[in-house]
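Okay, so here's the structure we're looking at.
Number of protein chains: 2
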Amino acid sequence: MSIHSLPAGPAIRPPFHVPPSYPVGGIGKVRLISLATALPLAERDTLEPLSRRVALDQKETLYGQDEPAVSVFNVSSGALRLYRILPDGRRQVTGFAFPGDFLGLSLLDRFTVSADALGPVTACRFERLAFMDLLRGQPCLMMHLHEILGHELSRAKDMMMLLGRRTADERIATFLMGLQERYVRIGRSSVTLELPMGRLDIADHLGLTIETVSRTFSRLDRDHCILIVPGGVRLVDHDRLARMSAH
Amino acid sequence: MSIHSLPAGPAIRPPFHVPPSYPVGGIGKVRLISLATALPLAERDTLEPLSRRVALDQKETLYGQDEPAVSVFNVSSGALRLYRILPDGRRQVTGFAFPGDFLGLSLLDRFTVSADALGPVTACRFERLAFMDLLRGQPCLMMHLHEILGHELSRAKDMMMLLGRRTADERIATFLMGLQERYVRIGRSSVTLELPMGRLDIADHLGLTIETVSRTFSRLDRDHCILIVPGGVRLVDHDRLARMSAH
DNA sequence: AACGGACTTTGCGCTGGATCAAGGACGCGA
DNA sequence: TCGCGTCCTTGATCCAGCGCAAAGTCCGTT
């Protein structure tokens, strides 16, 4: 099992760090909560006054696992990796967050994963307790968030199937197709997928080693299934990928 | 990857089957919703009038994946396995359900897994839409269920780490420790763990083959770490198991 | 344009767990 | 008590993916 899983990266869990933020007033009518289509506009308007903006540079940590969850976040731009680490350094990247995604939505009093920026990131921050108070008076919004959490759980089960039962090829194909689908959903439809995460992040997400990920990418490229381009991949044989990832 | 994953078992997803149920009135003060400690008594009283009782025999299906989720359930007695199956028969058991557990709590309009009985099972059934209506007027109860869902998601992430990064030994040890902890929580504390599921279920849960599960059990037994007994295992060297499963 | 550092790719040998193949244990119905 | 079906165990062999080592690529910096 990979011990080389840890990029020199940021210190793990600066124990109580809350990222810098400033009130959001006066930014005019820029929409900060960008949940793609998942939250109706009216509900975003309810939430927005409560939010403060956060900005992170690459590799900065938004929060660490087991830290008290003082905040809930909604990603505005950029991408983050969400992960857990075992004492011996083995890492599982449980997912990646993109614009529109909520972080800390389970509203538990501690974060269950760490989150750090893959590149420059901006997000909306909500004081968790205030957020919960608001929800108590907004059953409909609460229901929406519950539904989002339900979908997240369903995707977690997809991951279990993937990690427990699928081959390396299938994992990579599933990963690429899933990422494309997500990009479509947030309006970044394109044949060429940007991959803001590195090979090691993908490996730790899919339960593989960096070498296996790299080899599989290379082979898919050789087979004209994908085309590796700087910073991402172009999905060439979409059908074959879909067949490989079929569930 | 194991193709022998499917016990002769029940037909997969009888497409629209709702298990037999009958009104619950007149059972006196037997408590049907048995969420261990997770739900306060007052809230159970709110829910109970809405429920009907369901009984299943071994191998009967409570619901199938992708079936419209007309109901939500709370397990009263017995145990179920929750799983997904790929077209080629590979199976991932996403979890097991025990007394007190809610099923279908994400309230999505379709079930995301199949659920069938490992032995005789009884459960409370709620009409999902009525259940949701009730919740809209009970923000506090809604919050509780959201929290439960959050914990479920957290355990799903534990599973990702386990499936993606841990060895066979660690998986088995983690499984046994986790099961014991759950038994403690529902008041079935005991050194001897009953295992209502078969080796194949455990294998499909942990992303292993039945042979590896069997061999690992045998070795742990030989090493006096556990003692295999009919229908379960006795945890002999609790500390070593805990060390193996350490996170 | 030369250097250094981080990341990625590739070759090669190895191994943990899968696969294949026999038996063994147990319960149940005739 | 026997026979049968289901589940579990054990041995022998195999192989997908791992671990190690060495280049190769791409930047940003000087």
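Protein chains in written order, with the numbering used here: chain A, 1 to 247; chain B, 1001 to 1247. Note that beta-carbon positions come from the ideal geometry of N, C-alpha and C, so glycine has one too.
Can you tell me whether DSSP reads residue 60 (chain A) as helix, strand or coil?
If DSSP states are grouped into helix, strand and coil, residue 60 (chain A) belongs with coil.
Tell me, please, whether the CB atom of residue 964 (chain B) is closer than 8 Å to any CB atom in chain A?
Lying outside 1001 to 1247, the shown extent of chain B, residue 964 (chain B) is not represented and no answer is given.
Three-state class that DSSP yields for residue 952 (chain B) in the structure shown
The structure shown has nothing for residue 952 (chain B), since chain B only spans 1001 to 1247.
Starting from residue 179 (chain A), find everything on chain B with Cβ-Cβ shorter than 8 Å and list it in chain order.
Contacts between residue 179 (chain A) and chain B, judged by CB atoms closer than 8 Å, are missing: the closest CB pair is about 17 Å apart.
Residue 55 (chain A) vs residue 119 (chain A) beta-carbon contact at 8 Å:
no
Determine the closest residue to residue 114 (chain A) out of A:138, A:83 and A:57, with distance taken between C-alpha atoms.
A:83
Quick one: give me the first and last residue of the beta strand (DSSP E) that residue 1114 (chain B) is part of.
For residue 1114 (chain B), the enclosing beta strand (DSSP E) has its first and last residue at 1114–1117.
Around the C-beta of residue 246 (chain A), are 16 or more other C-beta atoms found within 10 angstroms, so that it is buried, or is it exposed?
exposed
Which residues does DSSP list as the beta-bridge partners of residue 1077 (chain B)?
B:1122
Under the DSSP definition of a beta bridge, which residues are partnered with residue 192 (chain A)?
BP columns for residue 192 (chain A) point to A:234.
Residue-chain proximity (residue 1154 (chain B), chain A), Cβ-Cβ < 8 Å:
At least one chain A Cβ lies under 8 Å of residue 1154 (chain B).
Cut-off 6 Å between Cβ atoms - residues of its own chain near residue 60 (chain A), not counting five sequence neighbours on either side:
117
Starting from residue 1173 (chain B), trace the alpha helix (DSSP H) both ways and give me its first and last residue.
Run containing residue 1173 (chain B): 1168–1185, per the alpha helix (DSSP H) assignment.
Measure the Cβ-Cβ separation of residue 1069 (chain B) and residue 1128 (chain B) and say whether it is below 8 Å.
yes
Specify whether the segment 193–202 of chain A and the segment 229–236 of chain A touch according to this definition: at least 3 beta carbon pairs, one from each stretch, less than 8 Å apart.
yes
Cut-off 6 Å between Cβ atoms - residues of its own chain near residue 122 (chain A), not counting five sequence neighbours on either side:
55, 76 and 77
With 9 Å as the limit, tell me which residues of the segment 1162–1195 of chain B have their beta carbon closer than that to any beta carbon of chain A; keep them in chain order.
1162, 1163, 1164, 1165, 1166 and 1167
Unbroken alpha helix (DSSP H) run spanning residue 1130 (chain B), endpoints
1128–1136
Would you be able to state if there are at least three C-beta pairs under 8 Å between the segment 1140–1160 of chain B and the segment 1212–1228 of chain B?
no
Quick one: grab the DSSP three-state call for residue 1094 (chain B).
Residue 1094 (chain B) falls in the strand class under three-state DSSP.
Could you list which residues in chain A have their beta carbon closer than 9 Å to that of residue 1139 (chain B), in chain order?
135, 136, 137, 138, 139 and 142
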